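>
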Amino acid sequence: MKKIISISILISLLINCKKQEQKIMQNEKITSNNIVQSITENIKHYPSEKIYTLDYKSYYSFFEVFINDIPLESYFDNFASGSSFEINPRIFKSGKYKVKYKMYPVGKVNNETFSLLRDNSYLDFTLTSYDLKNKDASDILYTHYKTSMDKIKISEKYSEEKFVGAGKTYYEGSFDVDVQVPYEINPAFEKAKDLRKMDKKELEAKLLSAYQKVWNIYQNKEYDNIARISFDSMKDEFVSRYMSKEEVAEYWNYLLTAYKSDTFQMQPIKDYKLEFFADGKLAALMLTTKDNNYRGNTALWARVNHDGGMRPLFLNSYFYIPEGETEFKVY
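Under this note's numbering, think of the first position of the sequence shown as 1, with each following residue one higher.
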């Protein structure tokens, strides 16, 4: 009998010594092993699968773009650029969406520093789409938008254009776009509280605690919990992009490889400010750094060896509290 009791105590000690994973109160049935299948079950395919993009040209301006007040894209690289990015990840159903942009000075260019937006700074956007089910078809062009310019009269016959935000350290504007998609997504934060109505000091302390909890999940390599807090935003993005199971698996395995790496190092939560998104339904602690390699990201990030060097891996997540509840959930 004593031998049986001793063995029972030993087993109990071994179990208790094992690192306890934190309990996550969302997507409790999701695991690292079933997340790919669970996401794929939500993805549908249609006769026409439009991907909407914003083609942009930028001159002497860094910028961030938001769709219905949710962060989508940021650019803090060259003083002049042109490319495009998909907006489907922020399109939840057909309808009208507000595209908001924030412009910033480009800083040092060659041997000159530009701490203010210039007379000739501008952003130029064109909404286009292409169809994954009709790759031979030409892209469709919709809305075109360019930042406003004032006309400055130089003489009777000559005027020059000047950016309306010239001389400022920051400029913000917006325009509307109409999109038609075959899917309809109800994001997890759709019926969340307006966090702007909470006491800001108390909210920030509560949010910092939630960040630390998520920080620990990544630091302790709790892969099932990582899957649970990643599921909602990943599902919505992949539904909006009509992705195949193979593409979902490839993306998840790419992330897991980084998380499992011996070089994966979570970075301290510091140098941040509280910001609200989605009309107050989402909140995040955003980095306040002026380093262009890190701007536009949240304070939740890691460093990992990639392509022969230690590089930042941003774990950008946004937090919300569902109506009728008191604790944060992750999107």
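We treat Cβ as the ideally placed atom computed from N, Cα and C, and that holds for glycine.
A quick note: this is a predicted structure, and the numbers were derived from the prediction, not measured.
(1) Return helix, strand or coil for residue 236, following the three-state DSSP convention.
(2) Which residues share a DSSP beta bridge with residue 128?
(3) Give the range of the beta strand (DSSP E) segment to which residue 84 is assigned.
(4) Nearest-angstrom Cα distance between residue 52 and residue 319?
(5) Buried or exposed for residue 154, going by 16 or more other Cβ atoms inside 10 Å?
(6) Would you kindly check if the distance between the Cβ of residue 125 and the Cβ of residue 55 is under 9 Å?
(7) Just to confirm the assignment: which complete beta strand (DSSP E) runs, minimum length 3, are found wholly within the segment 248 to 289?
(8) On the DSSP letters alone, give me the boundaries of the alpha helix (DSSP H) that residue 217 sits inside.
(9) At the 9 Å Cβ level, is residue 248 part of the contact set with chain C, yes or no?
(10) To the nearest angstrom, how far is it from the Cα of residue 59 to the Cα of residue 110?
(11) Which partner residues does residue 306 have in the DSSP bridge list?
(12) Please report the straight-line C-alpha distance between residue 292 and residue 77, rounded to a whole angstrom.
(13) Report the partner residues of residue 91 according to the DSSP bridge assignment.
(14) Taking DSSP as the reference, what is the three-state secondary structure of residue 178?
(15) Between residue 143 and the rest of its own chain, which residues show a CB-CB distance below 6 Å, the 5 nearest in sequence each way excluded?
(16) Does the structure place the segment 63 to 75 close enough to the segment 258 to 272 that three or more beta carbon pairs sit under 8 Å?
(17) List the residues that DSSP assigns as beta-bridge partners of residue 347.
(18) Would you identify the three-state DSSP class for residue 64, choosing helix, strand or coil?
(19) Which whole-angstrom value describes the C-beta separation of residue 170 and residue 102, a residue pair presumed to lie in contact below a C-beta threshold of 8 Å?
(20) Would residue 288 pass as a contact of residue 307 if the rule is Cβ separation under 9 Å?
(21) To the nearest whole angstrom, what separates the beta carbons of residue 390 and residue 38, a pair I think is in contact under 8 Å?
(22) I want to know whether the segment 129 to 146 touches the segment 43 to 52 - three or more CB-CB distances under 8 Å.
(23) Assuming residue 168 and residue 117 are in contact, meaning their beta carbons sit under 8 Å apart, how far apart are those beta carbons, in whole angstroms?
(24) Using beta-carbon positions only, say whether residue 227 and residue 27 come within less than 9 Å of one another.
(25) Going by DSSP, what residues sit across from residue 123 in a beta bridge?
(26) Taking only the alpha-carbon atoms, compute the straight-line gap between residue 61 and residue 115 and give it to the nearest angstrom.
(27) Name, in chain order, the residues that DSSP records as bridge partners for residue 152.
(28) Candidates 315, 212, 92, 248: which alpha carbon is nearest residue 35's?
(29) On the three-state DSSP scale, how would you describe residue 40?
(30) Is it true that the CB of residue 203 sits closer than 9 Å to the CB of residue 300?
(31) Between the alpha carbons of residue 199 and residue 74, how many angstroms are there, rounded?
(32) When you compare only the Cα positions, how much space is there between residue 229 and residue 276?
(33) Per DSSP, what are the beta-bridge partners of residue 328 in this structure?
By the coordinates alone:
(1) Numbered from 1 along the sequence shown, position 236 holds the residue referred to as residue 236. Here residue 236 sits in helix by DSSP.
(2) As a first step, residue 128 must be located in the sequence shown, where it is residue number 128. In DSSP, residue 128 forms a bridge with 53, 141.
(3) Indexing the sequence shown from 1 puts residue 84 at position 84. Its beta strand (DSSP E) spans residues 80 to 86.
(4) Counting from 1 along the sequence shown, the entry for residue 52 is found at position 52. Counting from 1 along the sequence shown, the entry for residue 319 is found at position 319. Roughly 26 Å separates the two Cα atoms.
(5) Sequence index remark: in the sequence shown, residue 154 carries index 154 (1-based). Exposed, by the Cβ-count rule.
(6) Position 55 of the sequence shown, counted from the start, is the residue given in the question as residue 55. Position 125 of the sequence shown, counted from the start, is the residue given in the question as residue 125. Taking 9 Å as the Cβ cut-off, residue 55 and residue 125 qualify as a contacting pair.
(7) Taking only runs of at least 3 residues, the beta strand (DSSP E) segments lying wholly in the segment 248 to 289 are 272 to 277, 282 to 287.
(8) For the purposes of this step, residue 217 is identified with residue 217 of the sequence shown, where counting begins at 1. Taken as a continuous stretch (DSSP letters only), the alpha helix (DSSP H) holding residue 217 covers 200 to 219.
(9) This model lacks chain C altogether; it includes just one protein chain.
(10) The residue you call residue 59 lines up with position 59 of the sequence shown. The residue you call residue 110 lines up with position 110 of the sequence shown. One C-alpha to the other measures close to 15 Å.
(11) Indexing the sequence shown from 1 puts residue 306 at position 306. Answer is 309, bridged to residue 306.
(12) Mapped onto the sequence shown, residue 292 falls at position 292. Mapped onto the sequence shown, residue 77 falls at position 77. So the alpha carbons of these two residues sit roughly 7 Å apart.
(13) Looking up residue 91 in the sequence shown gives position 91. Note: residue 91 sits in no beta bridge, so no partner.
(14) Here the question's residue 178 lines up with position 178 in the sequence shown. Here residue 178 sits in strand by DSSP.
(15) The residue labelled residue 143 in the question sits at position 143 within the sequence shown. Hits under 6 Å: 127, 177.
(16) Contact between the segment 258 to 272 and the segment 63 to 75 is not established, with fewer than three Cβ pairs separated by less than 8 Å.
(17) Here the chain comprises residues numbered 1 to 331, so residue 347 is not present and cannot be evaluated.
(18) For the purposes of this step, residue 64 is identified with residue 64 of the sequence shown, where counting begins at 1. Looking at residue 64 - three-state DSSP - the assignment turns out to be strand.
(19) If you number the sequence shown from 1, residue 170 lands on position 170. If you number the sequence shown from 1, residue 102 lands on position 102. Right, their Cβ atoms sit about 7 Å apart.
(20) Position 288 of the sequence shown, counted from the first residue, corresponds to residue 288. Position 307 of the sequence shown, counted from the first residue, corresponds to residue 307. Not a contact, by the Cβ cut-off of 9 Å.
(21) Outside the displayed range of the chain (1 to 331) lies residue 390, so it cannot be described from this structure.
(22) yes
(23) To locate residue 168, count along the sequence shown from 1; it is residue 168. To locate residue 117, count along the sequence shown from 1; it is residue 117. Rounded, the Cβ-Cβ distance is 5 Å, consistent with contact.
(24) The residue labelled residue 227 in the question sits at position 227 within the sequence shown. The residue labelled residue 27 in the question sits at position 27 within the sequence shown. Yes; because the gap between Cβ atoms is below 9 Å, this pair is in contact.
(25) As a working mapping, residue 123 is identified with position 123 in the sequence shown. Bridge partners of residue 123: 58.
(26) Position 61 of the sequence shown, counting from 1, holds the residue named residue 61. Position 115 of the sequence shown, counting from 1, holds the residue named residue 115. If I take the Cα positions, the gap works out to 11 Å.
(27) Residue 152 sits at position 152 when you count from the first residue of the sequence shown. DSSP lists 160 as partners of residue 152.
(28) Against the sequence shown, residue 35 aligns to sequence position 35. When each option's Cα is compared against that of residue 35, the closest is 248.
(29) Position 40 of the sequence shown, counting from 1, holds the residue named residue 40. Helix, per DSSP.
(30) Here residue 300 refers to the residue found at position 300 when the sequence shown is read from its first residue. Here residue 203 refers to the residue found at position 203 when the sequence shown is read from its first residue. No, they are not a contact pair.
(31) Within the sequence shown, the letter at position 199 stands for residue 199. Within the sequence shown, the letter at position 74 stands for residue 74. Approximately 29 Å, taken between the alpha carbons.
(32) As a working mapping, residue 229 is identified with position 229 in the sequence shown. As a working mapping, residue 276 is identified with position 276 in the sequence shown. Computed Cα separation, rounded: 19 Å.
(33) The residue labelled residue 328 in the question sits at position 328 within the sequence shown. DSSP output for residue 328 lists no bridge partner at all.
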